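Colleague: Before I ask anything, here is the structure I am working with.
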């Protein structure tokens, strides 16, 4: 795309070439008009509010548009443009009443929940703040050229215009404006207001225009939305700050201050940079029906007027704006109190959560101790059961040991019971024989084995007596043996 440097004063064509002819009511004079005669304009003196009493007595119609030069427009177009501006019946609403209604509407629109959500969850806002629109690089280049000097001049060569913007400039009607001091100040104040809204929109959209662009600009500018008039620069900044926190998608005070600094950069770059921004606004409104009426009321006239504005006045305006400070408290929305209350709630919730986290381990510890006691009781019970079991097993073992000791000796003793020379008998046979009165050993056997039997009998008697429990069958048998044999 071919670009051109700032073309200076461009002579326009007839109004018939405009897509929407300008509305009637603008006062036109020759180029020798008095619009810029006041070179000693003091921006730092706070102007007293304009009194509408005398004017209302003479003329009941309200004035609006560039320099307050329009009136009566909405008497016939109220239905068509009621969605473009928030002010109802602007032709019959004086400035003081406009402000009262605007402040009331902003207060009713302010949403604490939305504001706090953007305040605490500001990831998207931080991303928006990182975006660099075209004027940031141009401003850095200007500072490099000036050696970071504070002297301000119109740096037209740093700002280029596309062929489309050049063509757009050619379509404006060439005219001059006869403005008194009050109207002259209103033009500069409203310029700040419009640029602030444009800077916000450019940053949040990251330079990509969308269907919400026209809405954002006109909604954030009280000049365009309420036909507001101003008495000083600080009023403009306060109004913009309030509307940023009430209407758009992103409502954060950091965005207010960022748009404020962006506007200072544009003003310091001079009227070529201001004109480039106004042309972009004009294009956005022209493509948004019915927002084009705002071009007819304000933007088209600004595009023509700014080309003849004096650079040193823009520099003085930028200096005044830079020296103005803005705080959250000045917005009148009590956002600082809201933030403090929200932070207090967060701290209380964090403290409760921490206390809960501490109580959970203590409960677990108590449960663990109770479990340990139960385990101890269970262990003690188990040990008692084990001890009883061990005692029972010990008794059984002793019984088995006794039986095991009894077995071989009984077998041995049974083996020694010989009947008729050599047939081994067990204890059952022995008992049977005893009951039947049979002798345990025959006389022949005793004759051959007498001495040996006697010796073994003594040993067997001793052994059986040691290993057999009292009252056992073996003992009874032994007693029977003792009685019968010895």
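Numbering (this note's numbering), first residue to last: 30 to 515.
From the three backbone atoms N, C-alpha and C, an ideal C-beta is built for every residue, glycine too.
Since the structure is predicted, the reported quantities are computational estimates derived from the model, not experimental observations.
State the Cα-Cα distance for the pair residue 110 and residue 103, rounded to the nearest angstrom.
Modeller: In a straight line, the C-alpha of residue 110 is about 8 Å away from that of residue 103.
Colleague: When burial is assigned at 16 or more other CB atoms within 10 Å of the CB, is residue 301 buried or exposed?
Modeller: So residue 301 counts as buried.
Colleague: Let me make sure I understand the geometry here. Which of 307, 249, 262 and 286 has the alpha-carbon closest to that of residue 275?
Modeller: Closest option to residue 275, Cα to Cα, is 249.
Colleague: Please report the straight-line C-alpha distance between residue 237 and residue 377, rounded to a whole angstrom.
Modeller: The straight-line gap from Cα to Cα measures roughly 42 Å.
Colleague: Closer than 7 Å by C-beta to residue 433: which residues in its own chain qualify, once you throw out the five before and the five after it? Chain order, please.
Modeller: Any reading at residue 433 must be qualified, since the residue scores a pLDDT of 45, below 50, and its modelled position is unreliable; no value is offered.
Colleague: How about residue 347 and residue 293: do their beta carbons lie closer than 7 Å?
Modeller: Going by C-beta atoms, residue 347 is nearer than 7 Å to residue 293.
Colleague: Helix, strand or coil: how does DSSP classify residue 314 here?
Modeller: Helix, per DSSP.
Colleague: Could you pull out every residue in the same chain whose Cβ sits closer than 6 Å to the Cβ of residue 138, ignoring the five residues on either side in sequence?
Modeller: Taken in chain order, the residues that qualify are 275.
Colleague: Exposed or buried, which one is residue 171 when buried takes at least 16 other CB atoms within 10 Å?
Modeller: Residue 171 comes out buried.
Colleague: Mind checking whether residue 223 and residue 258 have CB atoms under 7 Å apart?
Modeller: Taking 7 Å as the Cβ cut-off, residue 223 and residue 258 do not qualify as a contacting pair.
Colleague: Cβ atoms of residue 267 and residue 284: under 7 Å apart, would you say?
Modeller: Cβ distance not < 7 Å, so residue 284 and residue 267 don't count as in contact.
Colleague: Mind listing, in chain order, the continuous alpha helix (DSSP H) runs of no fewer than 4 residues lying wholly within the stretch 143–199?
Modeller: The qualifying runs are 152–159, 163–175 and 192–199.
Colleague: Reducing DSSP to helix, strand and coil, say where residue 99 ends up.
Modeller: It is a strand residue.
Colleague: Label residue 359 either buried or exposed according to how many other C-beta atoms from any shown protein chain fall within 10 Å of its C-beta, with 16 as the threshold for buried.
Modeller: Label assigned to residue 359: exposed.
Colleague: How long is the line joining the alpha carbons of residue 59 and residue 260, rounded to whole angstroms?
Modeller: Low confidence applies here, because residue 59 scores a pLDDT of 38, under 50, leaving its location unreliable; read the following figure in that light. Going by the C-alpha atoms only, they are around 28 Å apart.
Colleague: Apart from the five residues on each side of it in sequence, which residues of its chain come closer than 7 Å, Cβ to Cβ, to residue 201?
Modeller: Contacts found: 41, 329, 332 and 333.
Colleague: When the Cα of residue 149 is compared with those of 383, 295, 367 and 117, which residue comes out closest?
Modeller: Ranking the options by Cα distance to residue 149, first place goes to 367.
Colleague: Report all residues from its chain with a CB closer than 6 Å to the CB of residue 157; omit the five preceding and five following residues, and keep chain order.
Modeller: If we look at residue 157 and ignore the five residues flanking it on each side, its Cβ neighbours are 232 and 233.
Colleague: Using the rule of at least 16 other Cβ atoms within 10 Å of the residue's Cβ for burial, across every protein chain shown, is residue 228 buried or exposed?
Modeller: Residue 228 is buried by the Cβ-count criterion.
Colleague: Consult DSSP for residue 219 and reduce its assignment to one of helix, strand or coil.
Modeller: Here residue 219 sits in helix by DSSP.
Colleague: So residue 216 packs on residue 96, CB below 8 Å; how close in whole Å?
Modeller: About 5 Å separates the two Cβ atoms, so the contact holds.
Colleague: Can you check DSSP and say which residues form a bridge with residue 388?
Modeller: Bridge partners of residue 388: none, in fact.
Colleague: With residue 263 as the anchor, note down where its alpha helix (DSSP H) starts and where it stops.
Modeller: Segment 262–273, the alpha helix (DSSP H) holding residue 263.
Colleague: Going by DSSP in three states, residue 276 sits in which element: helix, strand or coil?
Modeller: In this structure, residue 276 counts as coil in the three-state DSSP scheme.
Colleague: Is residue 550 helix, strand or coil when you go by DSSP?
Modeller: There is simply no residue 550 to check, as the chain begins at 30 and stops at 515 in what is shown.
Colleague: Hey, quick one: how far does the alpha helix (DSSP H) through residue 282 stretch, first residue to last?
Modeller: 282–298 is the extent of the alpha helix (DSSP H) around residue 282.
Colleague: Have a look at residue 290 and residue 174 and give me their C-alpha separation to the nearest angstrom.
Modeller: Looking at the two C-alpha atoms, the distance is approximately 20 Å.
Colleague: Express the C-alpha separation of residue 361 and residue 116 in angstroms, rounding to a whole number.
Modeller: Taking the straight line joining both Cα atoms gives about 21 Å.
Colleague: Taking the beta carbon of residue 288 as the centre, do at least 16 other beta carbons fall within 10 Å, making it buried, or is it exposed?
Modeller: Buried, by the Cβ-count rule.
Colleague: Quick one: Cα of residue 340 to Cα of residue 187, how far?
Modeller: If I take the Cα positions, the gap works out to 15 Å.
Colleague: Could you work out which residue in 101, 235 and 143 is closest to residue 165 when comparing CA atoms only?
Modeller: Answer by Cα proximity: 235.
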